[in-house]
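These protein sequence lines are chains V and H, in that order. First residue of the first sequence? That's 1 in the numbering used here, and the numbers climb one at a time after it. First residue of the second sequence? That's 290 in the numbering used here, and the numbers climb one at a time after it. A quick write-up on the structure given underneath.
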Amino acid sequence: MICRTVTKISLNIGYLKLILLLAVTGTAMAQGHGPLYGLQTPTLAKGGVDLNVAGMSLGTENETSYMLRYLFSYGITEDLQINLTTPTMIERLGDAPRTRGNSNMPANGDIEASLWYRFFSNAFGVGKRFESTAIVGVSAPTDDVRGQANVGNSVHAAISTGYASRTWYGWIGGGYQYYFEKDGEQLGDLLYASAVVGYRPNIFMGDYPKPDWRIFIESLAEFPGDNKFDGQLDFSDSRSTKVLVGPSFLGLYGVWGISFGAMFPVVQDLTPGTIKEKYRIAINLSYWL
Amino acid sequence: MKNIKMMVMIGILGIGRVSGQIAKVDQEVYGMDCAPCAYGLERGLKKMDGLQEVRVSLNDGKAYLGLADKNGLTLRSIQEEVKKNGFSAKKAEVALMGNATKEDGQWFIETDKERFAVSQDTPTELIQKLAVGRTSVSGTVQDEEDDNLPGQWAIVLSKII
Numbered sequence: 001m002i003c004r005t006v007t008k009i010s011l012n013i014g015y016l017k018l019i020l021l022l023a024v025t026g027t028a029m030a031q032g033h034g035p036l037y038g039l040q041t042p043t044l045a046k047g048g049v050d051l052n053v054a055g056m057s058l059g060t061e062n063e064t065s066y067m068l069r070y071l072f073s074y075g076i077t078e079d080l081q082i083n084l085t086t087p088t089m090i091e092r093l094g095d096a097p098r099t100r101g102n103s104n105m106p107a108n109g110d111i112e113a114s115l116w117y118r119f120f121s122n123a124f125g126v127g128k129r130f131e132s133t134a135i136v137g138v139s140a141p142t143d144d145v146r147g148q149a150n151v152g153n154s155v156h157a158a159i160s161t162g163y164a165s166r167t168w169y170g171w172i173g174g175g176y177q178y179y180f181e182k183d184g185e186q187l188g189d190l191l192y193a194s195a196v197v198g199y200r201p202n203i204f205m206g207d208y209p210k211p212d213w214r215i216f217i218e219s220l221a222e223f224p225g226d227n228k229f230d231g232q233l234d235f236s237d238s239r240s241t242k243v244l245v246g247p248s249f250l251g252l253y254g255v256w257g258i259s260f261g262a263m264f265p266v267v268q269d270l271t272p273g274t275i276k277e278k279y280r281i282a283i284n285l286s287y288w289l
Numbered sequence: 290m291k292n293i294k295m296m297v298m299i300g301i302l303g304i305g306r307v308s309g310q311i312a313k314v315d316q317e318v319y320g321m322d323c324a325p326c327a328y329g330l331e332r333g334l335k336k337m338d339g340l341q342e343v344r345v346s347l348n349d350g351k352a353y354l355g356l357a358d359k360n361g362l363t364l365r366s367i368q369e370e371v372k373k374n375g376f377s378a379k380k381a382e383v384a385l386m387g388n389a390t391k392e393d394g395q396w397f398i399e400t401d402k403e404r405f406a407v408s409q410d411t412p413t414e415l416i417q418k419l420a421v422g423r424t425s426v427s428g429t430v431q432d433e434e435d436d437n438l439p440g441q442w443a444i445v446l447s448k449i450i
């Protein structure tokens with residue numbers, strides 16, 4: 001028993017090392033320059049390319065998942081951005097909570113294409129702007145069964161609005177993901193909201209091209225619906241409620257960016273049979289071409 | 290000292306040349322908050338033919354541009370590049386040489402591709418120094434709507450060289 005535990009811990013540390021190594025040596029980057037988990041607003045410049053690689057882990061009371069994710073983003077115009085993200089699942093959860101990995105990426109093994117449209121932008125000062133962005137996406141699973149239900153394709157839509165400056169940042173947003181039925185079973189949908197506050201201390205106010213760091217406090221509220229089995233397509237109104245809070249850090253230097261952070265549940269009001277979460281951690285490396 | 294150098298440069302460029310062009314632009318940029326933003330703008334500007342020096346400052350919110358001796362750049366194209374990167378181009382400090390003309394009491398400085406109307410906010414003593422013909426000036430070009438950039442700009446002169 002002790003041997004198994006020690007082996008599992010060693011294996012987990014090994015996975016973490018692998019994630020970090022791959023993230024650091026990866027040739028891509030991901031998140032843009034906003035928060036790690038919450039919805040954000042910035043879009044790429046016209047013709048801009050952003051490559052990301054992210055390592056994510058989610059721990060429940062029974063098991064832990066490890067995933068690498070790659071994201072390619074392209075700025076069609078300065079307000080319209082297309083994204084494609086694919087996963088490499090290292091360790092899947094047998095009973096995976098429905099959640100988003102972050103604003104650009106699913107948390108589970110889905111391949112997702114999305115479109116970001118920044119429909120409002122008001123730059124009103126040096127380094128300052130208000131902006132709002134709408135997101136729509138479609139995804140296809142790489143696994144057949146998730147949480148004892150067949151996994152179908154899904155659609156995702158979200159909207160976020162926020163403020164950016166050289167010192168303070170803030171975003172709020174909400175989204176919805178809907179899974180289609182597959183072979184008489186349907187994964188529960190996901191309603192969620194996020195709020196993020198960011199701050200850049202004075203010591204990191206060095207001018208470009210000096211390194212630039214900021215810290216975020218991120219929060220997520222998630223309301224996943226129950227799975228539906230045996231072709232009973234009328235969902236009951238029962239939904240779980242989860243609230244997670246945690247810090248994340250973003251460092252930028254020239255064309256490189258690295259962000260990392262963790263979230264911890266502070267509220268888990270779950271429907272029967274839903275698994276409890278313990279933590280989420282993620283690291284993301286970005287490169288702007 | 291910098292201004293003197295710029296004046297000398299513009300003066301030298303002005304001798305024996307017929308064409309009018311912009312020599313220097315300090316472009317105010319709103320909404321640029323991070324290093325990748327600055328990098329993107331710097332890279333975009335460096336791709337433009339005719340720019341000799343490009344420096345972007347996040348803290349100043351400005352792109353400092355030195356234009357080549359012979360360039361076909363316009364202030365409009367520079368501000369369009371700023372917009373393409375998702376930011377808003379505001380006022381610009383410019384140094385330029387061109388032909389001064391006077392129409393119905395209104396002074397204009399014309400480069401090969403753009404026209405600058407001398408604003409009434411220009412100090413009277415400077416306006417009085419203007420003479421029809423070749424001239425080199427510096428001043429502040431007023432902000433225009435990013436989505437509707439004009440071919441004619443309003444400029445408040447600060448120096449006639």
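In this text, a Cβ means the ideal position worked out from N, Cα and C, and glycines have one as well.
Inset, instruction - Measure the alpha-carbon distance for V:Gly94 versus V:Met205 and round it to whole angstroms. - result: Taking the first residue of the first sequence as position 1, residue 94 of chain V is located at position 94. Taking the first residue of the first sequence as position 1, residue 205 of chain V is located at position 205. Each residue's alpha carbon lies about 45 Å from the other.
Inset, instruction - Could you check if V:Asn108 is buried or exposed, using at least 16 other CB atoms within 10 Å of its CB as the buried criterion? - result: Here residue 108 of chain V corresponds to residue number 108 of the first sequence, with the count starting at 1. Buried, since its Cβ has 16 or more Cβ neighbours within 10 Å.
Inset, instruction - Quick one: which residues of the segment 241 to 258 of chain V get their C-beta closer than 7 Å to a C-beta of chain H? List them in chain order. - result: Leu252, Tyr253, Gly254, Val255 and Gly257
Legend entry - Through-space distance from V:Ile275 to V:Lys228, alpha-carbon basis: As a first step, residue 228 of chain V must be located in the first sequence, where it is residue number 228. As a first step, residue 275 of chain V must be located in the first sequence, where it is residue number 275. Cα to Cα, V:Lys228 sits roughly 16 Å from V:Ile275.
Legend entry - Chain-ordered neighbours of H:Gly333 on chain V, where CB pairs are closer than 8 Å: Position 44 of the second sequence, counted from the start, is the residue given in the question as residue 333 of chain H. Here the neighbours are Ala45.
Legend entry - Per DSSP, cross-strand counterpart(s) of V:Asn284: Position 284 of the first sequence, counted from the start, is the residue given in the question as residue 284 of chain V. Beta-bridge pairing links V:Asn284 to V:Ala54 and V:Ser259.
Inset, instruction - Compile a chain-ordered list of the residues in the segment 109 to 128 of chain V whose CB is closer than 9 Å to at least one CB of chain H. - result: Arg118, Ser121, Asn122, Ala123, Phe124, Gly125, Val126, Gly127 and Lys128
Inset, instruction - Answer with buried or exposed for H:Lys391, where buried requires no fewer than 16 other C-beta atoms within 10 angstroms of its C-beta. - result: Against the second sequence, residue 391 of chain H aligns to sequence position 102. That one is exposed.
Inset, instruction - Would you mind stating whether V:Tyr37 and V:Glu277 have Cβ atoms separated by less than 8 Å? - result: Within the first sequence, numbered from 1, the residue matching residue 37 of chain V stands at position 37. Within the first sequence, numbered from 1, the residue matching residue 277 of chain V stands at position 277. Their beta carbons are not under 8 Å apart, which means V:Tyr37 does not touch V:Glu277 by this criterion.
Legend entry - Proximity winner among V:Val245, V:Leu252, V:Trp256 and V:Thr271, relative to V:Tyr293 (alpha-carbon distances): Lying outside 1 to 289, the shown extent of chain V, residue 293 of chain V is not represented and no answer is given.
Legend entry - Straight-line gap, V:Ile90 to V:Gly55 (C-alpha atoms, nearest Å): Sequence index remark: in the first sequence, residue 90 of chain V carries index 90 (1-based). Sequence index remark: in the first sequence, residue 55 of chain V carries index 55 (1-based). Spanning the two alpha carbons is a distance of roughly 10 Å.
Legend entry - CB of V:Asp207 within 8 Å of CB of H:Asn388, strictly: Stepping through the first sequence from its first residue, residue 207 of chain V is reached at position 207. Stepping through the second sequence from its first residue, residue 388 of chain H is reached at position 99. No, these two residues do not count as a Cβ contact at 8 Å.
Inset, instruction - Quick one: grab the DSSP three-state call for H:Lys351. - result: The count along the second sequence starts at 1 and reaches residue 351 of chain H at position 62. Here H:Lys351 sits in strand by DSSP.
Inset, instruction - Determine the DSSP secondary structure at H:Tyr328, reduced to helix, strand or coil. - result: Your numbering for residue 328 of chain H matches position 39 in the second sequence. Of the three classes helix, strand and coil, the one that applies to H:Tyr328 here is helix, per DSSP.
Legend entry - V:Ala282 versus H:Asp436: straight-line alpha-carbon distance, rounded: Residue numbering aside, residue 282 of chain V sits at position 282 when the first sequence is read from its first letter. Residue numbering aside, residue 436 of chain H sits at position 147 when the second sequence is read from its first letter. Going by the C-alpha atoms only, they are around 39 Å apart.
Inset, instruction - Report the residue ranges of all beta strand (DSSP E) runs contained in full by the segment 383 to 448 of chain H; include only those spanning at least 3 residues, in chain order. - result: 395 to 399, 404 to 407 and 422 to 430
Inset, instruction - Going by DSSP, name the residue or residues bridged to V:Met67. - result: Looking up residue 67 of chain V in the first sequence gives position 67. Its beta-bridge partners are V:Met56 and V:Met89.
Inset, instruction - Would you check if there are 3 or more beta carbon pairs closer than 8 Å linking the segment 74 to 84 of chain V to the segment 393 to 406 of chain H? - result: no
Inset, instruction - Check the Cβ of V:Trp171 against every Cβ in chain H and list those closer than 8 Å, keeping chain order. - result: Looking up residue 171 of chain V in the first sequence gives position 171. Near V:Trp171 there are no residues of chain H at all, since even the closest Cβ is about 13 Å away, more than 8 Å.
Inset, instruction - Could you name the residues of chain H that V:Pro209 contacts, counting a contact when the two beta carbons are closer than 8 Å? - result: Position 209 of the first sequence, counted from the start, is the residue given in the question as residue 209 of chain V. Per Cβ cutoff of 8 Å: Ala324, Ala327 and Tyr328.
Legend entry - Beta carbon proximity, V:Glu91 to chain H, threshold 8 Å: For this step, residue 91 of chain V is matched to residue 91 along the first sequence. No - not a single Cβ of chain H is within 8 Å of the one on V:Glu91.
Inset, instruction - Compare the beta carbon distance of H:Lys373 and V:Glu78 with 8 Å and say whether it is the shorter of the two. - result: Start at 1 with the first residue of the second sequence, and residue 373 of chain H comes out as number 84. Start at 1 with the first residue of the first sequence, and residue 78 of chain V comes out as number 78. Yes, Cβ-Cβ distance for H:Lys373 and V:Glu78 is below 8 Å.
Legend entry - For V:Tyr176 and V:Tyr199, the rounded distance between their alpha carbons: As a working note, residue 199 of chain V is residue 199 in the first sequence. As a working note, residue 176 of chain V is residue 176 in the first sequence. Computed Cα separation, rounded: 28 Å.
Legend entry - Bridge partner(s) assigned by DSSP for V:Pro224: Position 224 of the first sequence, counted from the first residue, corresponds to residue 224 of chain V. In the DSSP output, where bridge partners are listed per residue, V:Pro224 has V:Leu190.
Legend entry - Of the listed residues V:Ala140, V:Gly173, V:Leu220 and V:Leu115, nearest to V:Lys182 (C-alpha basis): On the first sequence, residue 182 of chain V is found 182 positions in, with the first residue counted as 1. The residue with the shortest Cα to Cα distance from V:Lys182 is V:Ala140.
Inset, instruction - Name, in chain order, the residues that DSSP records as bridge partners for V:Gln268. - result: Within the first sequence, residue 268 of chain V is the residue found at index 268, counting from 1. In the DSSP output, where bridge partners are listed per residue, V:Gln268 has V:Lys242.
Legend entry - At least three beta-carbon pairs within less than 8 Å, the segment 114 to 122 of chain V to the segment 130 to 147 of chain V: yes
Legend entry - Start and end residues, beta strand (DSSP E) containing V:Arg118: The residue labelled residue 118 of chain V in the question sits at position 118 within the first sequence. Asp110 to Gly125 is the span of the beta strand (DSSP E), which, as asked, contains V:Arg118.
Inset, instruction - Please confirm whether any heavy atom of the ligand SAH lies closer than 7 Å to the CB of H:Gly355. - result: The ligand SAH is not among the ligands present in this structure, which contains no ligands whatsoever.
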